[in-house]
Amino acid sequence: MLNFRKGFTLIELLVVIVILSLLLSVILPVSVNTLKKYQTQEMATKVLEYINQLKGESFYKKEKKVLSSNNGKLLVNGMEINKFPDVFFQIDEPITFYENGSCSGGVIKIFIGSYNYEIFIKQVECEISLRWIKKVFF
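Structural data, given as structure tokens:
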């Protein structure tokens, strides 16, 4: 008479748990880093959209807008903008959007967590583009 056993042995269960643990130890850190990078890219895109909005407002409302930074905060016409509390801004030379649709051009450096981005604003045509610079390790 054949004796069939039902279920798994303790060794078989332990082998499965070890394999799953190894897989998770590789996959989980990659997933968390990817999520953080996505969140910072999303925030940088929101900043880019805001800068584009300011450019449009200066043209349509015929108001000059001057962008600068102070202690990591974004300033528009000297007034602090608190829309981006987790973002550190650095603008070396003030950037001006003129009423006629042109601008002085410049670079806005953005630091979000350990990621750095730059918004390039082309002089005269005011083409605005976003570029990821690098991840800074602390």
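At position 2 of the sequence shown (counting the first as 1) the number is 501 in this note's numbering, and the numbers step up by one without a gap.
Don't be surprised by glycine CBs; every beta carbon is placed ideally from N, CA and C.
Bear in mind the structure is a predicted one, so any value in this text is a computation, not a measurement.
Reduced DSSP secondary structure (H/G/I, E/B, other) of residue i
i           : result
residue 511 : helix
residue 608 : strand
residue 637 : Note that residue 637 scores 47 on pLDDT, short of 50, meaning its location in the model is unreliable and no value can be drawn from it.
residue 517 : helix
residue 623 : coil
residue 615 : strand
residue 628 : strand
residue 579 : strand
residue 590 : coil
Proximity of residue i and residue j at Cβ, strictly below 8 Å
i           : j           : result
residue 550 : residue 586 : no
residue 619 : residue 554 : no
residue 632 : residue 617 : yes
residue 556 : residue 548 : no
residue 607 : residue 543 : no
residue 568 : residue 589 : yes
residue 614 : residue 545 : no
Check: residue i C-beta below 7 Å from any heavy atom of the ligand HEM
i           : result
residue 599 : Ligands are entirely absent from the displayed structure, and the ligand HEM is therefore not among its contents.
Nearest to residue i (by Cα), restricted to the options the options
i           : options            : result
residue 624 : 601, 567, 613, 606 : 601
residue 599 : 622, 629, 558      : 558
Practice task
Please specify which runs of the beta strand (DSSP E), each continuous and at least 3 residues long, are wholly inside the segment 549-576, giving them in chain order.
Solution key: 564-569, 572-575
Exercise for the section: Check whether the segment 591-607 touches the segment 566-578, taking contact to mean three or more Cβ pairs, one atom from each stretch, closer than 8 Å. Expected result: yes
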